[in-house]
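According to the UniProt record's numbering, the sequence shown is numbered sequentially starting from 1. Virtual Cβ for every residue (Gly too), placed ideally from N, Cα, C.
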Amino acid sequence: MVARTLPRLAGFVARENRVPYYQRLFQQHDGKRQWWKTNRSGAILWPYYISLWGTTAITTYAMIRITLVRSPLQLHPVKFNTES
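Quick look at the structure:
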């Protein structure tokens, strides 16, 4: 009995077949990219784009700062007195 009720609880029995709808949606030649075709695309893609470009900008800033700005240790190197 448990084996027959689990698929029903998950919503797999008597569910509308959405394959033809999505097939028509993704095969339309409307000039949109495939990942922007659904209504939920913006909710998924904008946080991804923000994190992608934000991470790129932060790492680029850090690399430029590391390579172009001298660290305080290099400005005043420690000189040991070897004449003794």
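What residues in its chain sit with their C-beta under 7 Å from that of residue i, if we drop five residues either side in the sequence?
{"i": "Leu25", "result": "Lys37"}
Could you pull the start and end residues of the alpha helix (DSSP H) that residue i belongs to?
{"i": "Val69", "result": "Where Val69 is concerned, there is no enclosing alpha helix (DSSP H), given that its DSSP letter is neither H nor E."}
{"i": "Phe26", "result": "19-27"}
My output table needs one value for residue i: the three-state DSSP class, helix, strand or coil.
{"i": "Gly31", "result": "coil"}
{"i": "Ala57", "result": "helix"}
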